[in-house]
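Residue numbers (our numbering): 10 to 334. Let me begin by presenting the structure, written as structure tokens, before commenting on it.
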Ligand code: 2P0
């Protein structure tokens with residue numbers, strides 16, 4: 010029998026200024042500042058239900074499949090932090106589902122851990138403010154800190170970093186066209202890939218030196234609603250992140266042939282005068298930043314190069330759902 014439960018929804022976000030690499034301190038602290046857009050759609054819905062006092066372990070069901078091993082351990086680590094704050098030892102059952110492909114470079118850990126932090130805090134009777142919630146989410150997955158907020162969001166590199174909102178979702182009519190190139194899982198997770206990059210890529214120091222300037226430019230371009238400046242800096246951030254990862258040994262190459270075809274497709278759109286800019290995360294998919302009015306046309310144009318396109322508009326902050334009585 011469960012005693013208390015809470016359900017939360019959080020949305021994926023796409024980094025326009027990329028986080029890649031962690032500081033060599035405890036707490037999963039990014040080595041580079043990042044700036045993101047939280048997306049409408051692309052959401053994770055997570056329920057945390059406290060188990061009987063006698064239950065020995067947490068349980069996790071992800072997209073209908075019971076999980077053990079590393080995924081469960083990562084969830085239990087966040088629950089342990091919340092239990093320590095709440096002074097409650099009771100284990101919980103976590104049921105989580107994405108409405109988009111898990112672990113394919115579509116940022117499921119961002120929406121997943123933001124939803125988990127909010128649902129778990131509520132189920133255990135805590136009411137952290139948004140900053141504390143973002144900090145909690147960051148310790149599990151840094152990109153999740155950003156999905157706590159809606160719209161345009163920034164995350165720094167301080168030891169206690171929490172995300173802060175830059176502009177709400179309705180502030181600017183832009184869109185992200187997600188062009189998925191495969192529905193398979195990615196071959197190497199971003200946590201491991203970042204660590205390999207830090208340890209072995211000769212370009213890592215250059216990336217650390219360069220990334221803050223791009224993040225500042227991206228932040229300013231958002232405040233100025235300057236799509237061309239934002240897009241060109243966001244594209245540079247993504248390509249420099251991948252260039253740095255390519256320099257790791259063994260190399261980290263997330264791209265497929267379709268990734269390059271999509272990059273060429275975005276260049277062709279720009280030659281025709283359409284403001285469209287590519288960004289790529291830890292996977293082969295290409296996400297195209299564009300004006301809201303161009304999004305459907307761009308999805309149609311690039312659709313034949315992808316297995317699936319999704320038009321995503323700026324989306325809201327993570328939120329609790331009212332429980333059915
Ligand atoms: C980002 N990515 O800023 C960058 C760009 C992927 C590429 O944050 O180790 O799942 O859990 O903190 O947040 C993906 O990494 O990594 C990511 P952890 P996370 O969106």
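For every residue, glycine included, the Cβ atom is placed at its ideal position computed from N, Cα and C. Quantities reported herein were computed from a predicted structural model and do not represent experimental measurements.
Boundaries for residue 260: no beta strand (DSSP E) harbours it, and the DSSP string shows neither H nor E there. In the DSSP annotation of this structure, the continuous segment of the beta strand (DSSP E) that includes residue 296 starts and ends at 295–300. Under the 8 angstroms Cβ criterion, the region 123–131 does not count as touching the region 65–72, having fewer than three qualifying pairs.
Annotation: the continuous alpha helix (DSSP H) that includes residue 90 extends over 78–95. Rounded to the nearest angstrom, the gap between the Cα atoms of residue 261 and residue 96 is 42 angstroms. Collapsing the DSSP output to three states places residue 208 in a helix.
Between ligand 1 and residue 290, a heavy atom-to-CB distance of less than 7 angstroms is present.
A contact between stretches requires three or more CB pairs, one per stretch, nearer than 8 angstroms, and the region 157–166 fails this requirement with the region 50–64. For residue 104, the three-state secondary structure derived from DSSP is strand.
Secondary structure at residue 43: strand, using DSSP grouped into helix, strand and coil. In this model, residue 109 and residue 30 are separated by some 25 angstroms (Cα to Cα). Within its own chain, the residues whose Cβ lies closer than 8 angstroms to the Cβ of residue 105, once the five positions on either side in sequence are excluded, are 53, 54, 55, 56, 69, 70, 71, 72, 121, 124, 125, listed in chain order.
A distance of 8 angstroms or more separates the beta carbons of residue 34 and residue 330. Distance from the CA atom of residue 302 to the CA atom of residue 286, rounded to whole angstroms, is 15 angstroms.
Each residue's CA atom was taken as its position, placing residue 151 and residue 37 some 7 angstroms apart. Within 7 angstroms of the C-beta of residue 152 there is at least one heavy atom belonging to ligand 1. For residue 140, no beta strand (DSSP E) run applies; the uninterrupted alpha helix (DSSP H) run containing it begins and ends at 139–149, by DSSP.
For residue 88, same chain residues with a beta-carbon under 7 angstroms away, outside a window of 5 residues either side, are 67, 101, 129 in chain order. With a threshold of 7 angstroms, the Cβ atom of residue 203 counts as near ligand 1, since some heavy atom of the ligand is closer than that. Between the region 185–203 and the region 259–277, the count of C-beta pairs closer than 8 angstroms reaches three or more; the two stretches touch. Per DSSP, the unbroken alpha helix (DSSP H) holding residue 224 starts and ends at 213–232.
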